[in-house]
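Peer 1: Chains as they are written, first to last, in our numbering: chain A, 1 to 220; chain B, 1 to 220.
In this text, a Cβ means the ideal position worked out from N, Cα and C, and glycines have one as well.
Computed from a prediction, not measured in an experiment: that's the story for all the values here.
Provided herewith is a single structure, encoded as structure tokens, for subsequent inquiry.
Number of protein chains: 2
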Amino acid sequence: MRDIYHDELDAIGALLLDMTNRVAVAMSRATQALLDADLSSAESVVTDDAQVDALRADLESRTFLLMAQQQPVASDLRLLFTSLHVAADLERMGDLALHIAKIARMRYPEVAVPAPVRDVIAQMGDVAQSLVGKVAEVIDGRDVALAQAIEVEDDSMDALRRKLFLILLSDSWTEGTETAIDMTLIGRYYERYADHAVSVARRFVFIVTGTMPDRIAAIV
Amino acid sequence: MRDIYHDELDAIGALLLDMTNRVAVAMSRATQALLDADLSSAESVVTDDAQVDALRADLESRTFLLMAQQQPVASDLRLLFTSLHVAADLERMGDLALHIAKIARMRYPEVAVPAPVRDVIAQMGDVAQSLVGKVAEVIDGRDVALAQAIEVEDDSMDALRRKLFLILLSDSWTEGTETAIDMTLIGRYYERYADHAVSVARRFVFIVTGTMPDRIAAIV
């Protein structure tokens with residue numbers, strides 16, 4: 001039984017990595033859809049989100065069965081405990097990419113993002129990609145140092161969101177209320193995607209060190 | 001040991017109910033702060049949020065220890081599993097009330113909500129209170145029928161949010177971009193608060209029936 005048990009633990013780790021790669025692709029395509037009015041990218045994000053949801057459901061079922069049947073020791077239990085939280089964060093990241101893709105699709109054939117905020121939204125997309133790439137590395141290698149770099153990138157996402165608001169509120173904003181509402185929501189979605197990436201990184205620090213970082217309560 | 005074990009299970013249930021009551025008060029005060037520029041209500045939401053975060057941390061620690069030390073049977077394990085998810089939802093509901101309170105505080109001594117959207121925001125506050133009250137009843141009594149009523153109220157929250165957007169986008173909107181951005185975010189926060197209430201209700205259906213409702217993947 002112990003071999004099947006450790007195969008199952010490995011399978012859960014692989015599911016988390018698979019989810020991470022999928023929500024990375026989803027956000028990349030959502031950003032492309034947004035900036036280039038790329039309808040097929042938007043549609044693929046909408047279609048593929050169900051796979052992320054299914055992976056999370058699979059992970060929860062496997063975790064429950066492992067806990068019920070195998071009485072894992074404390075270190076394995078901690079991994080399973082963390083996996084549940086991380087899977088929830090990853091599914092939510094997929095949902096946020098989906099929300100962005102849907103705005104792109106709703107505005108098609110127009111480009112959803114007007115010229116004055118194109119740079120700042122593109123940068124938010126870049127930070128999101130960099131963050132989720134680091135999350136994959138953290139999950140794959142459990143690199144605690146990388147978790148620190150993720151915190152720094154989260155701060156730069158917050159700075160970009162403030163920059164976005166300044167543009168929306170400047171006298172030179174002439175794109176109207178509807179576009180301002182779209183950009184407000186898009187900014188919120190990128191920021192939350194980054195928040196969840198940070199949450200995942202912190203949870204893996206917990207696996208490695210057994211101690212949650214102090215700032216955890218503010219975000220998880 | 002079994003008596004201490006069941007005391008601990010009861011304590012976890014009591015923690016969830018305590019969290020629910022606190023996030024109900026938080027949202028009530030946040031709405032009041034928003035509609036009446038009530039600074040002391042806003043401040044109390046900001047101050048009290050740390051207690052909700054602490055309750056969740058306490059619940060997670062207790063759950064982890066129970067799982068590690070007592071090897072709960074499947075039905076108790078399911079309760080613990082659900083409690084973890086529900087605690088996460090409740091903490092997030094507290095955060096969303098906090099975000100609303102902070103907008104009220106930022107606009108003080110002005111009233112954050114202008115006349116054209118006052119009714120719809122007040123109704124969103126009413127639906128939020130009704131929802132969280134039902135969540136408390138579900139947690140306390142595990143009433144599966146009530147979970148259905150929660151779904152219906154969530155639909156009415158979504159309808160209110162669409163109504164809010166129609167007002168923001170109408171030609172008669174003269175409150176400017178900054179207020180439109182505030183209202184967009186506030187609408188989002190109420191909607192998410194309702195989503196998490198639905199998530200809690202669905203999780204408790206899972207405890208009672210052992211089956212997740214079909215719509216779960218769309219929201220949890």
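Beta-carbon within less than 8 Å of B:Leu168's beta-carbon, same chain only, minus the 5 sequence neighbours each way: which residues are those?
Peer 2: So the list reads Val117, Ala180, Met183 and Thr184, once near-sequence residues are dropped.
Peer 1: Are A:Val198 and A:Glu151 close, meaning C-beta to C-beta below 8 Å?
Peer 2: Against a cut-off of 8 Å, the Cβ pair of A:Glu151 and A:Val198 comes out as a contact.
Peer 1: For a cutoff of 8 Å on Cβ pairs, would you count B:Phe206 as touching chain A?
Peer 2: No - not a single Cβ of chain A is within 8 Å of the one on B:Phe206.
Peer 1: Helix, strand or coil for B:Ala180 per DSSP?
Peer 2: B:Ala180 falls in the helix class under three-state DSSP.
Peer 1: Got a sec? Which residues, its chain only, sit under 7 Å from A:Asp143 by beta carbon, not counting five neighbours each side?
Peer 2: The answer, listed in chain order, is Glu137.
Peer 1: When we look at the beta-carbon of A:Met27 and count the other beta-carbons within 10 Å, is it buried (16 or more) or exposed?
Peer 2: Its Cβ being crowded by 16 or more others within 10 Å, A:Met27 is buried.
Peer 1: List, from N- to C-terminal side, the alpha helix (DSSP H) runs of 4 residues or more that fit wholly inside the stretch 114–154 of chain B.
Peer 2: With a minimum length of 4 residues, the continuous alpha helix (DSSP H) runs that stay inside the stretch 114–154 of chain B are 115–141.
Peer 1: Sorry if obvious, but does the Cβ on A:Leu59 come closer than 7 Å to a heavy atom of the ligand SAH?
Peer 2: Absence of the ligand SAH is noted for the structure shown, with no ligands found whatsoever.
Peer 1: With 8 Å as the limit, tell me which residues of the stretch 162–183 of chain A have their beta carbon closer than that to any beta carbon of chain B; keep them in chain order.
Peer 2: Listed by position along the chain: Phe165, Leu168, Leu169, Trp173, Thr177, Glu178, Ala180 and Ile181.
Peer 1: Along the stretch 65–80 of chain A, what residues have a CB closer than 7 Å to any CB found in chain B?
Peer 2: So the close ones are Met67, Ala68, Gln71, Ala74 and Leu77.
Peer 1: Classify A:Glu191: buried if its beta carbon has 16 or more other beta carbons within 10 angstroms, exposed otherwise.
Peer 2: Classification for A:Glu191: buried.
Peer 1: Any beta carbon from chain A within less than 8 Å of B:Thr88's own beta carbon?
Peer 2: For the sequence presented, residue 88 of chain B should be read as Ala rather than Thr. Yes - at least one Cβ of chain A is within 8 Å of the one on B:Ala88.
Peer 1: Between B:Ile103, B:Lys163, B:Val86 and B:Ala147, which has its C-alpha nearest B:Gln123's C-alpha?
Peer 2: Cα-wise, what sits closest to B:Gln123 is B:Lys163.
Peer 1: I need the DSSP call for B:Glu175, collapsed to helix, strand or coil.
Peer 2: Residue state, collapsed to three classes: coil.
Peer 1: Which term fits B:Ala218, buried or exposed, when burial requires 16 or more other beta carbons within 10 angstroms of its beta carbon?
Peer 2: For B:Ala218, the predicted structure reports a pLDDT of 39, less than 50, and the residue's modelled location is therefore unreliable. The matter cannot be settled from this model.
Peer 1: Where does B:Tyr190 fall in DSSP's three states?
Peer 2: In this structure, B:Tyr190 counts as helix in the three-state DSSP scheme.
Peer 1: With a Cβ-Cβ cutoff of 8 Å, do B:Leu15 and B:Leu65 count as a contact?
Peer 2: No, these two residues do not count as a Cβ contact at 8 Å.
Peer 1: Any idea what DSSP makes of A:Leu108, helix, strand or coil?
Peer 2: Reading off the sequence, residue 108 of chain A comes out as Tyr, not Leu. Three-state result, A:Tyr108: coil.
Peer 1: How big is the Cα-Cα spacing for A:Asp89 and A:Leu55?
Peer 2: If I take the Cα positions, the gap works out to 13 Å.
Peer 1: Check this for me: beta carbons of A:Ala201 and A:Val135, under 8 Å apart or not?
Peer 2: Yes, Cβ-Cβ distance for A:Ala201 and A:Val135 is below 8 Å.
Peer 1: By a C-beta neighbour count over all protein chains shown, 10 Å radius and 16 as the cutoff for buried, is A:Met93 buried or exposed?
Peer 2: Classification of A:Met93: buried, given that the 10 Å Cβ count is 16 or more.
Peer 1: Give every residue of the same chain whose Cβ lies closer than 8 Å to the Cβ of A:Ala37, excluding the five residues on either side of it in the sequence, and list them in chain order.
Peer 2: Around A:Ala37: Ala104, Arg107, Tyr108, Pro109, Glu110, Val111 and Ala112.
Peer 1: Leaving aside the five residues before and after A:Asp85 along the sequence, list all residues of the same chain whose C-beta is less than 6 Å from its C-beta, in chain order.
Peer 2: It is His, not Asp, that sits at residue 85 of chain A in the sequence shown. Contacts found: Arg203.
Peer 1: State the Cα-Cα distance for the pair A:Ile4 and A:Thr63, rounded to the nearest angstrom.
Peer 2: Cα-Cα distance, rounded: 13 Å.
Peer 1: How would you label A:Asp195, buried or exposed, when you count the other beta carbons within 10 angstroms and need 16 or more for buried?
Peer 2: It counts as buried.
Peer 1: Can you give me the start and stop residues for the alpha helix (DSSP H) that B:Ala50 sits inside?
Peer 2: Element bounds for B:Ala50: Leu39 to Gln70.
Peer 1: Leaving aside the five residues before and after A:Leu221 along the sequence, list all residues of the same chain whose C-beta is less than 6 Å from its C-beta, in chain order.
Peer 2: Absent from the model: residue 221 of chain A. The displayed extent of chain A is 1 to 220, so no value can be given.
Peer 1: Buried or exposed, going by whether 16 or more other CB atoms sit within 10 Å of the CB of A:Ala30?
Peer 2: With 16 or more other Cβ atoms within 10 Å, it is buried.
Peer 1: Beta-carbon of B:Leu84 versus every beta-carbon of chain A: anything under 8 Å?
Peer 2: True, the Cβ-Cβ gap to chain A drops below 8 Å.
Peer 1: Would B:Leu146 pass as an interface residue toward chain A - the criterion being a Cβ-Cβ separation below 8 Å?
Peer 2: No, B:Leu146 does not count as interfacial toward chain A.
Peer 1: Should B:Val45 and B:Ala33 be called a contact, given that it needs their Cβ atoms to be closer than 8 Å?
Peer 2: Closer than 8 Å, so yes.
Peer 1: Report the neighbours of B:Arg22 on chain A: residues whose CB is nearer than 7 Å to its CB, in chain order.
Peer 2: None at all; the shortest Cβ gap to chain A is about 14 Å.
Peer 1: Using 8 Å as the limit for Cβ to Cβ distance, is A:Arg118 near chain B?
Peer 2: Not one chain B Cβ lies under 8 Å of A:Arg118.
Peer 1: Is it buried or exposed, A:Lys115, if we count other Cβ atoms within 10 angstroms and call 16 or more buried?
Peer 2: Contrary to the premise, residue 115 of chain A reads as Ala rather than Lys in this sequence. The residue in question, A:Ala115, is exposed, as its Cβ has fewer than 16 Cβ neighbours within 10 Å.
Peer 1: Thinking C-alpha only, which one of A:Leu39, A:Asp10 and A:Ala11 is nearest A:Ala101?
Peer 2: The residue with the shortest Cα to Cα distance from A:Ala101 is A:Leu39.
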